[in-house]
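Note sheet for the following structure.
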Amino acid sequence: MTIDSGGAYSIRGFNYQKAVIAQIAINNFNVDNFYIIVENQEDIVVFFSEKNFHLQVKGQTLSIKSLIKVPKNKNSILYKLLNKEEKVDYYKVVTLDTFSKKDIKDLSESSCNIFDDFVYDYSEKQKEEFLKCLQQENLFSGDEKKIQNELDKTKIVFSNFKNDLSQAELILLGYMTKKGITMDDYAGINALNELFTQIDLKSEQKASIHNKNVIESKKITSKELKNIFSLCSIITKIPELRINFLESLVEDELLSKKERRDIELKFYMLNSKLRDLRKDILARIANSDFYIKELESNGFSFIHSIYQKLSDNFQADIYAVLIDIVSEKFLERNK
């Protein structure tokens with residue numbers, strides 16, 4: 001599979017696309033062997049029940065004509081969607097529900113595995129118009145039969161999202177409730193934020209060559225999604241447990257009250273810095289209960305022993321990270 005990473009840096013600020021990816025992830029996270037490749041080939045590639053779906057996600061008002069409009073020195077939306085070397089089972093254009101009213105009348109309701117509703121087939125007349133324009137663009141060297149075959153696998157999907165993150169979050173929380181995902185004590189918001197972070201991370205790798213490792217690194221799998229949604233309720237309990245750990249460290253005279261205040265403040269100041277530090281430390285102890293075992297056998301002196309080895313500039317930061325990680329692993333172990 002060849003990676004086309006032309007849009008690899010757009011997703012961070014493009015909330016509409018992120019919302020559509022999140023919707024697909026929430027709706028299908030329980031499907032075995034389901035995964036999404038973020039901004040690989042076209043905007044999104046989805047694998048579901050051994051079928052692959054190529055999606056173009058457009059956060060703008062479209063029409064039949066805009067799908068086949070050819071900008072200067074570029075190709076049309078449909079050309080880019082259908083122009084694939086490998087076999088594709090289904091194609092989708094996902095767009096706002098502000099599609100041309102005149103063109104919507106000719107569409108017919110359809111269905112699709114990865115979307116619950118608002119899926120439509122093009123009319124024969126619309127596909128004839130597509131065929132003519134795609135031949136002019138020389139898709140598949142103008143091969144009418146091949147173009148027609150791919151058009152027959154193409155549908156359009158209208159989403160409920162606008163280019164408004166707050167509105168999109170409410171809709172996504174609704175999808176999560178429908179799927180039975182825990183929503184208590186802001187657990188849903190935490191899970192959604194983690195999912196958005198994963199989408200950002202997966203979209204950051206940039207490559208334009210055949211590279212299986214890169215493709216693997218850009219996947220969001222059903223296993224990862226299950227972990228995100230199952231841990232979301234645990235995450236909401238971490239802040240209280242962090243404070244309990246800090247109080248114990250002060251009681252054991254391993255920390256002064258001033259040090260406690262400094263570290264407690266870090267929990268509220270670190271934000272993305274905390275996440276990056278957590279990611280680095282967790283990578284070093286992947287698939288290991290090392291921290292929990294040390295905590296159980298040596299108490300809080302274990303954390304303190306690491307803390308003492310650090311320079312003053314980073315002690316409070318790293319201490320906050322270590323307590324955060326231990327809190328999460330403790331809750332995972334005792335859920």
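Counted the way the working numbering counts, the sequence shown spans residues 1 to 335.
All residues carry an ideal CB built from backbone N, CA and C; glycine is no exception.
Residue i: first and last residue of the uninterrupted beta strand (DSSP E) it sits in
i    : result
K153 : Careful: K153 lies outside any beta strand (DSSP E) and carries neither H nor E.
I44  : 44-48
First and last residue of the uninterrupted alpha helix (DSSP H) at residue i
i    : result
F196 : 187-204
V214 : 212-217
V31  : From DSSP, V31 is part of no alpha helix (DSSP H); its letter is neither H nor E.
F382 : This structure cannot settle anything about residue 382, because the visible part of the chain is limited to 1 through 335.
G174 : 165-178
S66  : 64-68
Contact check, residue i vs residue j, beta carbons under 8 Å
i    : j    : result
D103 : I77  : no
Y122 : L107 : yes
V20  : I36  : no
E194 : I220 : no
Y90  : L82  : no
F378 : T95  : Residue 378 cannot be examined here, being either before or after the span of the chain that is shown, 1 to 335.
F98  : T154 : Note on residue identity: the sequence assigns Thr, not Phe, to residue 98. No, the pair does not count as a contact, with Cβ atoms beyond the cut-off.
I114 : N28  : yes
D324 : R242 : yes
K179 : I26  : yes
N33  : S248 : no
E128 : I68  : no
E264 : L246 : yes
G188 : I181 : yes
K257 : V250 : yes
Residue i - partner residues in DSSP beta bridges
i    : result
V57  : V94
Y120 : E109, I156
V38  : I44
N244 : In DSSP, N244 forms no bridge with anything.
F182 : One point to set straight first is that residue 182 is Thr, not Phe, in the sequence displayed. Partner(s): none; T182 has no beta bridge.
I220 : I36
N52  : F47
Contacting residues, own chain, Cβ-Cβ under 8 Å from residue i (five flanking each side not counted)
i    : result
E137 : V70, N75, S76, Y79
L131 : E144, I147, Q148, L151
F267 : P239, R242, L274, A320, D324
L192 : A22, E169, L172, L173, M176
N30  : K179, S222, K226
L139 : Y79, L82, N83, I147
L255 : L246, L249, I263, H304
D116 : N27
F196 : K18, A22
Contact set for residue i: own chain, Cβ-Cβ below 7 Å, skip 5 residues either direction
i    : result
A168 : N15, A19, F161
S111 : V119
Q17  : I11, D43, V57, G59
I24  : I36, V46, I114
E109 : Y120
L55  : E42, D43, I44, V46, K92, V94
Q126 : I64, D106
L165 : N15
Same chain only: Cβ atoms within 6 Å of residue i, ignoring 5 sequence neighbours per side
i    : result
K51  : D89
F330 : none
S100 : S63
I156 : V93, Y120
G142 : Q135
Enumerated in chain order, which unbroken segments of the beta strand (DSSP E) with a length of 3 residues or greater are wholly contained in the region 76-105?
90-96
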